[in-house]
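What follows is one structure encoded as C-alpha cells, with my remarks underneath.
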Amino acid sequence: MTAVSIRRPSPIAWLIAPAALLFVLFFVLPFGVMAALSFFSANPISNPNAFLTTRHYERFIDDTAGIFHDALWATLRIGLVTTVVALLIGYPLAHWMARMHSRLGHALVLIAVIAPMLTGIVVRTFAWMTLLQDRGVINTLLLQWGLIGSPLPLMYNEFGTVVALVHIYVPFMVLTLTGVIGRIDERLEQAARSLGAGRVRTFLEVTLPLSLPGILAGSLLVFALSISAYVTPSLMGGTDVLTLPMLIAQQVSTSFNPSFAGALGVILLLVSLTIVVAYNRILARVSGEQGMA
Amino acid sequence: MRTSAAPNRRPFDLGRAAYLGVNGLLLVFLLAPIAIVLVFALNPTPYISFPPVGVSLRWFDKFFSSPDFTNALALSLWVAACTLVLSVTIGGACALALVRGNLPGRAFLTPFFMSPLMLPAILTGLALFQAYLLAGIGRPVWGLILGHTVVAVPYVLRTTLAVLHNFDRRIEEAAAVLGASPTRVFFEVTLPLIRPGVFAGGVFAFIVSFDQFPVSLFLVVPKGETLPVVLFNYMKFDLDGAIAAASMVSILLALAVVLALERLIGLRAYVKL
C-alpha cells in the first residue's frame, strides 16, 4: 500500500506552486520585458509615441563609435583567460582535496576554499586593489627590496582584472572539480601504475580524461560568471577595460537608455545561452562515450 | 607525453614535495587577500599603505558612526533575512515537489529553477529593473527582496535536493507501516530529515543576498542602497580603512555563518553538492 501511494502523483506536487509563481513573475516575465523593450524606441507605457524598431541592435552592429565590438571581445577575452587560469589553479587544489584521506586536512582546505567565496565580490575586489595598486602591498615591497625602480602597472588594466576575477571564481572551479575527481575510481589509477605507467602518464592518460566532465562543467561555470562580472572590471580595469556588463550599467545609470541597455542585455544573454547549450552537448557526448567504453 | 616532473620511487619524493608546494602556494593565493584586509582595517594611516604602522579601531569607529554605512548595513541585513526566509520556504517546497511530486517534465523543471545561477546575475537585475519600470512601481524594497530570492532559491534547491537524493525512503515506509498517517510521516520523518539541507541552503541564501551586488545594482534607490552598493560607490573615489573595516564586518559575518554551517551538517557534505 505504502509503495503505491508513494509512486502515485501526489499532492506534494502543489508545493512547486510558490516557486513557479515567483519564477514566472520575477524571472521569466522580466526577461521577456527586457527582450521586448529592446525592440521599442522608448518605454511604450509612458511614451505613446514609442514605436517598434531594431535600431538598438543596428547601433550595436554598426558600432560607429567603435566601442561596442571591442567591449564584446574584451568581455569574451577576459572570460576566457580567467577560465583557463582558474582551471590551472583550481585543478591541483581540487585533486589534492579529493585525494586527501585526513578528515581534518580536508575540512581545513575546504574552509580555505569556501571562506573567500563567502566574503563578497566587493570585499575581495577591495582586497586586490590594496595589493595591486601603485602604492599597494606588492609594489611597495618590490620597491623596498630594490627589485624595481618604479611601480609595476598591476592594476587599472586587464591583468589586474583577470587576477581578481580568478581569485573570486576559482572556488567554483575547485568545488566542481573536487566532486568529479573524488568519484574517479582510484583502482583505475593503481592499475595503470602497477602496469608500469609513471605518475605523470597515469595522470595524463587516466585521471585527466576521466575528470573531463568536471573540467568542462567548472570551466563553463567560471566563464559564465566572469563574462557577467561588473564590480571587478569596473574597479580593477580603470579606463583601460570596458566590458559588456559595464556598458549595460552605463546605459542605465548615465545615459538612461533602458531600451539600448535591454538590447545589450539580450546580446549578453545570447552569448551565455550559447555557452550553456554548447556545454550541454559536449557534456552529453563525453559522458556518452564513457558509457560505451 | 613525458613532461619535466616527478621522478618516481625515491626516498625523497620530489614530485610529492612539488605537488604539496604548489598547493600550499595556491592556498596562500586564496587566503592572503582576506588576511590583508584585516591588516588595513586595523592600520590607522589615513590611506591604504604598507607596511602597517600600528593598531587602531578608528576605521571601525568611522564605519559604525557613519549613518550611510550603518543604514546600508541595516538594509542589507533586513533584505538578507527576508530572502533567507522566503527562499528557504519556496526552495524547500520546490525541492520536495520535484523529488516527491511525480511532476511531468521534471528533467526540464530542475534546470529551469537552477538557471538563475547560470545566467548573468546583472541581467536578472536589469530585467527586473525594466519590468518594474514598465509596471510603474518604482524600486520598492520588496522588489529588491524578491529579486534576491530568485537568485537565492537555486542554492536552497541544490542543498535540499542533495539531501533528498541521499534519503533512505524505507524510513518513511517504516513510519507508514507502523501506522503513521501521510501527514504525520511528512512532519515527523521527512521534514526533520531534510532540515539540514534546507538550513544549509538558507545559510547560502543569506550570504548570497547579503553580498549581492549585480541584482541590487539597478534595484536600489539613492539613500536606500545595500551595503555592497554603498561600498562600491565609496571605493570609486576613496580607498581608505573604512572599506577594510566594512569588509571585516562582512567577513566576520561570513565566518560566523561557516561555523554555524559546520555545526548544522558538517562541511564535508558540501563537496558532494
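The listed protein sequences correspond, in order, to chains A and B. Quick note on the working numbering: the first sequence kicks off at 14 and runs consecutively. Quick note on the working numbering: the second sequence kicks off at 765 and runs consecutively. Quick reminder that beta carbons are idealized off the backbone N, C-alpha and C, glycines included.
Every unbroken stretch of the alpha helix (DSSP H) spanning 4 or more residues and falling wholly within the region 106-179 of chain A is given here in chain order: 116-130, 134-145, 150-157. In terms of Cα proximity to Ile134(A), the closest of Thr888(B), Asp777(B), Phe974(B) is Phe974(B). Taking a Cβ-Cβ threshold of 7 Å, none of the residues of chain B is close to Ser224(A); the smallest such distance is about 14 Å. The contact set of Ala1018(B) on chain A, defined by CB atoms closer than 8 Å, consists of Ala128, Leu131, Thr132, Gly133 in chain order. Residue-level contact check: Trp86(A) does not touch chain B, since none of the beta carbons of chain B fall below 8 Å from its beta carbon. Distance check between Leu892(B) and each of Phe1001(B), Asp777(B), Pro978(B) places Pro978(B) closest, using alpha-carbon atoms only. Residues of the region 880-913 of chain B with a Cβ closer than 9 Å to any Cβ of chain A, in chain order: Pro880, Leu881, Met882, Leu883, Pro884, Ala885, Ile886, Leu887, Thr888, Leu890, Ala891, Leu892, Phe893, Gln894, Ala895, Tyr896, Leu897, Leu898, Ala899, Gly900, Gly907, Leu910, Gly911, Thr913. From the listed residues Gln203(A), Gly195(A), Ser268(A), Trp141(A), the smallest Cα separation to Thr245(A) is found for Trp141(A). Along the region 964-989 of chain B, the positions whose C-beta sits under 8 Å from a C-beta of chain A are Ile971, Phe974, Asp975, Phe977, Pro978, Leu981, Phe982, read in chain order. Burial is judged here by how many other beta carbons sit within 10 angstroms of a residue's own beta carbon; Pro884(B) has at least 16 and is buried. Gly779(B) sits in a helix when the DSSP states are folded into three classes. Distances from the alpha-carbon of Asp825(B) to those of Ile1007(B), Asn866(B), Pro875(B), Gly869(B) put Ile1007(B) closest. Ranked by Cα distance from Ser1014(B), the first of Gly79(A), Leu160(A), Leu131(A), Pro43(A) is Leu131(A). The Cβ neighbour count for Glu952(B), taken over all protein chains shown within 10 Å, is under 16; the residue is labelled exposed.
Below the 9 Å Cβ cutoff, chain A contributes no neighbours of Pro810(B), its closest Cβ being approximately 13 Å away.
For Leu248(A) and Ala128(A), the gap between their C-alpha atoms comes out near 22 Å. Secondary structure note for Arg934(B): its alpha helix (DSSP H) is the uninterrupted segment 933-941. The beta-carbon of Ser239(A) is placed no less than 8 Å from the nearest beta-carbon of chain B.
With a beta-carbon spacing of about 17 Å, Phe185(A) and Val136(A) fall beyond the 8 Å limit used to define contacts. DSSP, reduced to helix, strand and coil, places Phe53(A) within a strand of the structure shown. For Glu199(A), the enclosing alpha helix (DSSP H) covers residues 199-207. No Cβ-Cβ contact shorter than 8 Å links Gly92(A) with Ser285(A). Inclusion of Arg903(B) and Val984(B) in the CB contact set at 8 Å is warranted, their separation being smaller than that value. By a beta-carbon distance limit of 8 Å, Val843(B) does not contact Gly965(B). Their separation comes to about 17 Å.
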